[in-house]
Amino acid sequence: MFTKKSREEYLFSICSKSRKSAHTANHRNALCVLVVDDETGNIFRWCEWVVMDRLTQRFVERKTTKKNSSLSSISQKTLKTYLMGVYEAAKARVAEELPASFDIVLDGSTFNDRHFIAIFAVFNDPKMWHGDVADDSSKYYSDTDCYTRRFLLLVFCPLNVVEDLGAQSLFYLIADTLSRINKPWETVHFMVVGNCNVNQYIGNNEGALPMVGCASHRFNLAVSDYMTDYDSPLTKIHALMTKLRTIKGRAILRRVTELSPVLHNDTRW
1 MFTKKSREEY
11 LFSICSKSRK
21 SAHTANHRNA
31 LCVLVVDDET
41 GNIFRWCEWV
51 VMDRLTQRFV
61 ERKTTKKNSS
71 LSSISQKTLK
81 TYLMGVYEAA
91 KARVAEELPA
101 SFDIVLDGST
111 FNDRHFIAIF
121 AVFNDPKMWH
131 GDVADDSSKY
141 YSDTDCYTRR
151 FLLLVFCPLN
161 VVEDLGAQSL
171 FYLIADTLSR
181 INKPWETVHF
191 MVVGNCNVNQ
201 YIGNNEGALP
211 MVGCASHRFN
221 LAVSDYMTDY
231 DSPLTKIHAL
241 MTKLRTIKGR
251 AILRRVTELS
261 PVLHNDTRW
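In UniProt numbering, the protein residues as written are 1 to 269.
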């Protein structure tokens, strides 16, 4: 695969490109730095397949999977071991990247009737600055830019007790997330969340995190107030969308458009 050109340089036979390792002087063979062994590559591809396509761990042991995959077989137990290894490595990297103090942003999403919570760490990182400021124009608002703002995903998961979506469960999730990355409660300056009662309860408790309400939510409240003059047509549209969401209604709708009916939601903006 490689042809040696010099002590520190090798020629890749497939694309004829030269490869040089900065660590060559410390190794007898530079290929050990440049080439990933087959077993490692095989494990990585299994992990990537399962994670990116959101498959169950049992997927790797199915007969049809083994029959149609060009990858070497792997057991569910082995896959889980390496996935947990990736998790621990990622957790250590996140803890290393976080500064001494930061802010957090919380958001929720429902998928297949399961509600998930995402917690992001937000902080200033000068290393995030790349390139120049965008061109000046009448449609460009420079005050919205922060070229050194960085987001790190800390957790994306359902609550431990799925049936309990109350403030205490969310409070425990924040505390557990901080403990996993070895960060005390005091490292968080404030949290940015929606203006619902649950989040306000967390922000108002003694010793709790200061709360910054979601600006988009406040904008939605202003729009909702403005739309009160159009209650009659909006009510009719909502009734139509309700009928079109039925099996028969969707079949009729597909004759004229590929769009799907969407019901009015007080928190959708």
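Virtual Cβ for every residue (Gly too), placed ideally from N, Cα, C.
This one's a predicted model, so the numbers in the text were calculated from it and none came from an experiment.
- Residue interval of the beta strand (DSSP E) (run including residue 107): Numbered from its first residue, the sequence shown carries residue 107 at position 107. Here the beta strand (DSSP E) through residue 107 covers 102 to 111.
- Message: On the DSSP letters alone, give me the boundaries of the beta strand (DSSP E) that residue 114 sits inside.
- Response: As a position in the sequence shown, residue 114 is number 114, starting the count at 1. Its beta strand (DSSP E) spans residues 114 to 124.
- Specify, as a first and last residue, the run of the beta strand (DSSP E) that residue 149 falls within. As a first step, residue 149 is located in the sequence shown; it is residue number 149 there, counting from the start. First-last of the beta strand (DSSP E) with residue 149: 149 to 157.
- Query: Does the beta-carbon of residue 219 have 16 or more other beta-carbons within 10 angstroms, so that it is buried, or is it exposed?
  - Reply: Locating residue 219 in the sequence shown gives position 219, where the first residue counts as 1. Residue 219 should be labelled exposed.
- Item | Host alpha helix (DSSP H) of residue 213 (start-end) | As a working mapping, residue 213 is identified with position 213 in the sequence shown. Taken as a continuous stretch (DSSP letters only), residue 213 belongs to no alpha helix (DSSP H), being part of the beta strand (DSSP E) at 211 to 213.
- Terminal residues of the continuous beta strand (DSSP E) containing residue 190? Counting from one through the sequence shown, the residue named residue 190 turns up at place 190. Its beta strand (DSSP E) spans residues 188 to 193.
- Message: Can you confirm whether the region 51 to 65 touches the region 73 to 92 when touching is taken to mean that 3 or more C-beta pairs between the two stretches lie within less than 8 Å?
- Response: yes
- Task: Rounded to whole angstroms, what's the CA-CA distance from residue 53 to residue 237? Just pull it up for me.
- Result: By 1-based counting over the sequence shown, the position of residue 53 is 53. By 1-based counting over the sequence shown, the position of residue 237 is 237. So the two alpha carbons sit approximately 37 Å from each other.
- Relative to the alpha-carbon of residue 50, which residue among 96, 211, 244 and 83 has its alpha-carbon at the smallest distance? The residue given as residue 50 occupies position 50 in the sequence shown. For the residues 96, 211, 244 and 83, the minimum Cα distance to residue 50 belongs to 83.
- Using three-state DSSP, classify residue 318 as helix, strand or coil. What is shown of the chain runs 1 to 269, which leaves residue 318 out entirely.
- Message: For residue 27 and residue 38, I'd like the C-alpha separation in whole angstroms.
- Response: In the sequence shown, the residue the question calls residue 27 occupies position 27. In the sequence shown, the residue the question calls residue 38 occupies position 38. Because the pLDDT of residue 27 is 49, which lies under 50, any placement of that residue in the model is unreliable, and the number read from its coordinates should be weighed accordingly. Roughly 20 Å separates the two Cα atoms.
- Coil, strand or helix - residue 127 by DSSP: Position 127 of the sequence shown holds residue 127. DSSP places residue 127 within a helical segment (H, G or I) once states are collapsed to three.
- Query: At what residues does the alpha helix (DSSP H) containing residue 181 begin and finish?
  - Reply: Sequence index remark: in the sequence shown, residue 181 carries index 181 (1-based). Residue 181 -> no alpha helix (DSSP H), and no H or E assigned at all.
- Could you give the residue range of the alpha helix (DSSP H) that holds residue 327? There is no way to answer for residue 327, as the model of the chain reaches only from 1 to 269.
- Pick out whichever of 182, 127, 171 and 214 has its Cα sitting closest to the Cα of residue 192. Along the sequence shown, read from residue 1 onward, the residue named residue 192 stands at position 192. For residue 192, the nearest C-alpha among the options comes from 214.
- Local Cβ density within 10 Å of residue 66, reported as buried at 16 or more and exposed below that: What you label residue 66 is simply residue 66 of the sequence shown in a count that begins at 1. It counts as exposed.
- Task: Report back the beta-carbon spacing between residue 120 and residue 104 to the nearest angstrom; my notes put them in contact at under 8 Å.
- Result: To locate residue 120, count along the sequence shown from 1; it is residue 120. To locate residue 104, count along the sequence shown from 1; it is residue 104. Yes, residue 120 and residue 104 are in contact; Cβ-Cβ is about 7 Å, under 8 Å.
- Query: So, using beta-carbon positions, are residue 177 and residue 101 closer together than 7 Å?
  - Reply: One-based indexing of the sequence shown puts residue 177 at position 177. One-based indexing of the sequence shown puts residue 101 at position 101. Their beta carbons are not under 7 Å apart, which means residue 177 does not touch residue 101 by this criterion.
- Use the C-beta contact count for residue 199: other C-beta atoms within 10 angstroms, 16 or more gives buried, fewer gives exposed. Counted from its first residue, the sequence shown places residue 199 at position 199. That one is buried.
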